[in-house]
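These notes concern the structure reproduced below.
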Amino acid sequence: MPGNRCARQSRMMETDIKFHFRLGRGDFRLDAEQAIPGTGVTALFGRSGSGKTTLLRCIAGLERVEEGLFSVGGECWQDTRAGRFIAPHKRALGFVFQDGRLFPHLRVRANLLYGHRRTPRDQRRVLLADIVDLLGLAPLMDRYPDTLSGGEKQRVTMGRALMNSPRLLLMDEPMAGLDRERKGEIMPYLENLRTRFSIPILYVSHDINEIIRIADWLVIMENGRTPDAGPLDRMLSRIDLDIAGHEDAGAMLSVEVIKHDDTFHLTEVRFAGGQLLIPRAARQIGDRLRLRVHARDVSLTLDSPSRTSILNVITAVVTDVAEQSPSRVLVRIEAGGVPLLARITRKSCHDLDLRAGLAVYAQIKSVALGE
Amino acid sequence: MNPDLLALWITLRLALVSTLILLLLGVPLAWWLARTRSPVKTLVETMVALPLVLPPTVLGFYLLIALAPRGVIGGPWQALGGNGLAFTFAGLVIGSVIYSLPFVVQPLQNAFTAIGSAPIEVAATLRAGPFDRFFSIVLPMARSGLVTAATLGFAHTVGEFGVVLMIGGNIPGETQVLSIAIYDHVESMEYANAHLLSAGILCFSFLLLFVIYRMNAR
């Protein structure tokens, strides 16, 4: 069929989510095109004003676009060239808006059931009891939204979106309005949600730490465009991207728990590049977890360090060096093929004569549990 | 029947019928005004607001002409088989609807505007179609606006005088409403009767508004 690009693309990868949207609003232009995995959490990362929210609204069918193409799991929702546009209320998606937007005239229960009641019976895949349990909503069910705290509101909003039995969950900075404590309260629910339901999530954020905790895939958004995308660990160790300049820049390691050390309260984990000791983690042997290694916590030596207070020293090879400021450089290294970042002074880089291909010892001062 | 009771009955009937028609017309009109970006919006808003500033006699005068057998409203009405409109109850309803329209449209338009597009978009992402969204989200959220609009429309119709006098005349049992009956009593120096009706309307208006403000304050 001529012009039916959705159909053509869907034959290539049935499970993917593909989008291409173009629109102009005053000075702002959106021209975003990417394909993202049909499972797991994809983070849309960019500065405010880069078009993240607009892109989500396009996906939901809430924006008038010049050109739009969107398919999820081989199902085409929009293809302007073929004249195809599925109205927002006919798209099986869940949208968690930044400011919650609960219906003020409905109690929590009615809010949760709003989309569910409008979902055809044979498409309902989520049970109210599961959502109430997952998000801890039981004590809130008969309350009105204006009596809820910010964190409670966001939990209800997430529940309401999930009760819509979505094929895709869109989350627009669901924690932006919350303080650190509330964020900490929501995060576990969000992580549960990710593991309990096999619904792909597109998660907008400008907080790299949030993304590291929950995302598997990262799409970079800049000035209305989506120039780069890839698996989170790969993207985090790219030194040519904006995130590399972030104070919290660093790599993410996927590791396996192999041993607990009760004497010194440590846990030994393994990844392709070697073994690491981390503070005792409440995990079983064999569990996989994500570790966050900040670039600022990695230092490099040419000789094997001896008699050092730093427990974790691994061998690695320099793959790239990028100057970040007149005083600092970011060095990308690989240990067993796994990328890591080290932020060091330009003087050290010069003194050690670091360049691609050089073998080094990386000292990891500390790691943070990513989840 | 006592002519005063008859006037009361006609007044209430007129106010009820007019309020019903006002809501049926006013809700879609206010919704359109709240959402549209059409250039005719300002024109329509101006026309709706005119009865607020026009002397009722001016409005009544033009209505009288329009309702006449060959007028812009009366002509088609009679062509469709209706009887004359001027000096009839139906004519009064038309006059009241036009006269009270701003009192219904403006609170509704404000209520709809205050809701904004956010809740409507949320409902759209939750599988609610356009009509569903209007009835499940917009109307309940505009509840206080609706109550205010209905009350003002009703009360304003009860209290109208000039327009009624121009287009309805003063036919007991057909077009004589309370405000006109009061005027008649005063003209005939029957102050006791005028007091009774006036005090009745005063109390009624006060109570109605008080109840509404109480409801909206919650």
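So the sequence lines, in the order shown, correspond to chains L and Y.
Quick note: the first sequence uses the working numbering, first residue -10, plus one each step.
Quick note: the second sequence uses the working numbering, first residue 3, plus one each step.
All residues carry an ideal CB built from backbone N, CA and C; glycine is no exception.
| Item | Value |
| --- | --- |
| Quick test of your reading: residue 117 of chain Y and residue 53 of chain Y, contact by CB under 8 Å. State the CB separation rounded to the nearest angstrom. | Incorrect: roughly 26 Å between the Cβ atoms, too far for contact. |
| Of all the residues that make up the stretch 126 to 143 of chain L, which are near chain Y by a beta-carbon distance shorter than 7 Å? | none |
| If you draw a straight line from the alpha carbon of residue 207 of chain L to that of residue 28 of chain Y, how long is it in whole angstroms? | 50 Å |
| Would you list, in chain order, the members of the stretch 115 to 130 of chain Y that have their beta-carbon closer than 8 Å to a beta-carbon of chain L? | 120, 121, 123, 124, 125, 126, 127, 128, 129, 130 |
| Which chain L residues are close to residue 143 of chain Y, counting only those with a beta carbon under 9 Å from its beta carbon? | 92, 93, 94 |
| Along chain B, in chain order, which residues have C-beta atoms closer than 7 Å to that of residue 108 of chain L? | The structure shown contains no chain B; its protein chains are L and Y. |
| So residue 86 of chain L contacts chain Y; which residues on that side make the cut at Cβ distance below 7 Å? | 124 |
| Kindly list, in the order they appear in chain L, the residues whose Cβ is closer than 7 Å to that of residue 139 of chain Y. | 92 |
| Starting from residue 248 of chain L, follow the beta strand (DSSP E) in both directions and report where the run begins and ends. | 239 to 250 |
| Could you tell me the alpha carbon to alpha carbon distance between residue 126 of chain Y and residue 153 of chain L, rounded to whole angstroms? | 11 Å |
| Where are the beta strand (DSSP E) runs, 3 residues long or more, that stay fully inside the stretch 132 to 173 of chain L, in chain order? | 157 to 161 |
| Could you check what DSSP says for residue 94 of chain L in three-state terms: helix, strand or coil? | coil |
| On the three-state DSSP scale, how would you describe residue 147 of chain Y? | helix |
| By a C-beta neighbour count over all protein chains shown, 10 Å radius and 16 as the cutoff for buried, is residue 232 of chain L buried or exposed? | buried |
| Residue 74 of chain L and residue 50 of chain L - do their beta-carbons sit closer together than 9 Å? | yes |
| Taking Cβ positions only, does residue 135 of chain Y come closer than 9 Å to chain L? | yes |
| Using only the alpha-carbon positions, how far apart do residue 157 of chain L and residue 190 of chain L sit? | 6 Å |
| Could you check if residue 160 of chain L is buried or exposed, using at least 16 other CB atoms within 10 Å of its CB as the buried criterion? | buried |
| Whole-angstrom Cβ separation of residue 91 of chain L and residue 120 of chain L, contact assumed at under 8 Å? | Their Cβ separation, rounded to whole angstroms, is 15 Å, which puts residue 91 of chain L and residue 120 of chain L out of contact at 8 Å. |
| Could you tell me the boundaries of the beta strand (DSSP E) in which residue 301 of chain L lies? | 301 to 312 |
| Please return the same chain residues whose Cβ sits closer than 6 Å to the Cβ of residue 121 of chain Y, not counting the five positions on each side in sequence. | 139 |
| Give a yes or no on whether 9 Å exceeds the smallest Cβ distance from residue 150 of chain L to chain Y. | yes |
| Residues of chain Y with CB closer than 9 Å to the CB of residue 78 of chain L, please, in chain order. | 125, 126, 127, 128, 129, 130, 131, 132, 134, 135 |
| Does chain Y have any CB closer than 9 Å to the CB of residue 182 of chain L? | no |
| Since residue 149 of chain L and residue 117 of chain L should fall inside the 8 Å C-beta cutoff, what is the C-beta to C-beta distance between them, to a whole number of angstroms? | That pair is no contact at about 11 Å. |
| Taking a cut of 7 Å between CB atoms, which residues from the stretch 153 to 168 of chain L lie near chain Y? | 153 |
| Could you tell me which residues DSSP puts in a beta bridge with residue 10 of chain Y? | Answer by DSSP bridge pairing: none, since residue 10 of chain Y is not bridged. |
| Any beta-carbon of chain Y closer than 9 Å to the one on residue 191 of chain L? | no |
| What does a CB cutoff of less than 7 Å around residue 143 of chain Y pick up in its chain, not counting 5 residues either side in sequence? | 117, 121 |
| Report all residues from its chain with a CB closer than 7 Å to the CB of residue 1 of chain L; omit the five preceding and five following residues, and keep chain order. | Here residue 1 of chain L scores only 45 on pLDDT, less than 50, and its place in the model is too uncertain to base an answer on. |
| Check this for me: beta carbons of residue 312 of chain L and residue 318 of chain L, under 9 Å apart or not? | yes |
| In three-state terms, what does DSSP make of residue 197 of chain Y? | helix |
| At 7 Å on the CB atoms, spell out the chain Y contacts of residue 365 of chain L, in chain order. | Past the boundaries of the shown model lies residue 365 of chain L; chain L is included only from -10 to 360, so the question cannot be answered. |
| Assign residue 345 of chain L to one of two classes, buried (16 or more other C-beta atoms within 10 Å of its C-beta) or exposed (fewer than that). | exposed |
| Measuring straight from C-alpha to C-alpha, what distance separates residue 22 of chain Y and residue 94 of chain Y? | 14 Å |
| Beta-carbon within less than 6 Å of residue 74 of chain Y's beta-carbon, same chain only, minus the 5 sequence neighbours each way: which residues are those? | 68 |
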